[in-house]
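Chemist: Here it is, the structure in full.
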Amino acid sequence: HSQSERGQIHRLKMLNESGQYSYSASSGQVVACPPGTAGGGSWTSAALGGAQRVAELKAFFSELKAAGVKATIITKGNVGACRYLMEHEALLHFFEQVFGQVGTFYQESDFDKEHQEASELEGGPENELRDSKANLIRSLMAKEGLKEAEAVLVEDDPQEISSVAGICGSVFVSARKGMTGNELNELRKLAGCKVTAVATPGAPGVPGPPAGSPPK
Numbered sequence: 251h252s253q254s255e256r257g258q259i260h261r262l263k264m265l266n267e268s269g270q271y272s273y274s275a276s277s278g279q280v281v282a283c284p285p286g287t288a289g290g291g292s293w294t295s296a297a298l299g300g301a302q303r304v305a306e307l308k309a310f311f312s313e314l315k316a317a318g319v320k321a322t323i324i325t326k327g328n329v330g331a332c333r334y335l336m337e338h339e340a341l342l343h344f345f346e347q348v349f350g351q352v353g354t355f356y357q358e359s360d361f362d363k364e365h366q367e368a369s370e371l372e373g374g375p376e377n378e379l380r381d382s383k384a385n386l387i388r389s390l391m392a393k394e395g396l397k398e399a400e401a402v403l404v405e406d407d408p409q410e411i412s413s414v415a416g417i418c419g420s421v422f423v424s425a426r427k428g429m430t431g432n433e434l435n436e437l438r439k440l441a442g443c444k445v446t447a448v449a450t451p452g453a454p455g456v457p458g459p460p461a462g463s464p465p466k
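Each number in the working numbering comes from the position in the sequence shown (counting from 1) with 250 added on.
This is how it looks when you write it as structure tokens:
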């Protein structure tokens, strides 16, 4: 297993190079595809719900970006691992910044100590989540000159949702398995985008909640 930021990047690379994977909706887990099985993809794609889900997320974030939304990822996980996953699936460019833990915040496993090659995806001091998500969002909003109605936290933790009351809006992802069609449409409405029909239940989405702002 891996705990450090650098080690997790290496671990994700190894998983992506080790074979084909798919997302199991019934178990909510990433599963390895037997050799010769069609329809598999990278581990990182499966972690986001599979190729179709990744395509849906690309289309969704393209809509938000076109509407002038600026999105930021705030995660309690390691910045480098989040960046690697998002970069490998061509989603990272939709986000202005990634905040989370860096370096050996979660200490190092034996695997981590054996894999010390640096990566440009590792975060620096400017990416470190030193305070609560609520206080970071307050700070980011102040820098952008945003009012409460001009920013929203997307989150599956009810305590984090409660923490931003009076700071910004919020969209609660109650299923805790990524944004469903209903939450995607709620965000579309906030950004002034066209709402689409909801046809399928949600699957894992972006790792970490994006805090974004609709255009002023």
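Glycine residues also receive a C-beta, built at the ideal position from the N, C-alpha and C atoms.
Contact between the region 263-275 and the region 292-311: three or more CB pairs below 8 Å?
Modeler: Yes, since at least three Cβ pairs between the region 263-275 and the region 292-311 fall closer than 8 Å, the two stretches touch.
Chemist: Which term fits serine 389, buried or exposed, when burial requires 16 or more other beta carbons within 10 angstroms of its beta carbon?
Modeler: Against the sequence shown, residue 389 aligns to sequence position 139. Burial call: exposed.
Chemist: Hey, glutamate 337 and leucine 371: beta-carbon distance below 8 Å or not?
Modeler: Position 87 of the sequence shown holds residue 337. Position 121 of the sequence shown holds residue 371. Cβ atoms of glutamate 337 and leucine 371: closer than 8 Å.
Chemist: Just to confirm, are glycine 330 and glutamate 378 a CB contact at a threshold of 8 Å?
Modeler: Walking along the sequence shown from the start, residue 330 turns up at place 80. Walking along the sequence shown from the start, residue 378 turns up at place 128. Against a cut-off of 8 Å, the Cβ pair of glutamate 378 and glycine 330 comes out as no contact.
Chemist: Run through DSSP, which three-state label would glycine 353 get?
Modeler: Position 103 of the sequence shown holds residue 353. In the structure shown, glycine 353 sits in coil (DSSP, three-state: anything other than H, G, I, E or B).
Chemist: Is the shortest distance between the beta-carbon of phenylalanine 345 and the beta-carbons of chain B less than 8 Å?
Modeler: Protein chain content of the structure displayed is limited to a single chain, and chain B is not contained in it.
Chemist: Restricting to Cα atoms, I'd like to know which of Gln351, His343, Leu434, Gly299 is closest to serine 276.
Modeler: Position 26 of the sequence shown holds residue 276. Nearest C-alpha to serine 276: Gly299.
Chemist: Please give the ranges of any beta strand (DSSP E) in the region 378-463, keeping only runs that are unbroken, at least 3 residues long and fully inside the region.
Modeler: Within the region 378-463, the complete beta strand (DSSP E) runs of at least 3 residues are 402-405, 419-422, 460-463.
Chemist: Compute the distance between the beta-carbons of serine 413 and serine 382, then report whether it is under 8 Å.
Modeler: Here residue 413 corresponds to residue number 163 of the sequence shown, with the count starting at 1. Here residue 382 corresponds to residue number 132 of the sequence shown, with the count starting at 1. Yes, the Cβ-Cβ distance between serine 413 and serine 382 is below 8 Å.
Chemist: Excluding the five sequence neighbours on either side, which residues of its own chain have a C-beta within less than 6 Å of the C-beta of phenylalanine 311, listed in chain order?
Modeler: Taking the first residue of the sequence shown as 1, we reach residue 311 at position 61. Only Phe344 meet the Cβ criterion.
Chemist: Consult DSSP for glycine 330 and reduce its assignment to one of helix, strand or coil.
Modeler: Counted from its first residue, the sequence shown places residue 330 at position 80. The answer is helix: DSSP assigns glycine 330 an H, G or I state.
Chemist: Pick from Gly374, Phe349, Gln409, Lys263: whose alpha carbon is nearest that of leucine 386?
Modeler: For the purposes of this step, residue 386 is taken as the residue at position 136 of the sequence shown. Comparing Cα positions, the closest option is Phe349.
Chemist: Verify whether the separation of the beta carbon atoms of valine 402 and glycine 373 is less than 8 Å.
Modeler: Mapped onto the sequence shown, residue 402 falls at position 152. Mapped onto the sequence shown, residue 373 falls at position 123. No, these two residues do not count as a Cβ contact at 8 Å.
Chemist: Does valine 319 come out as helix, strand or coil in the three-state DSSP assignment?
Modeler: In the sequence shown, the residue the question calls residue 319 occupies position 69. The answer is coil: DSSP assigns valine 319 none of H, G, I, E or B.
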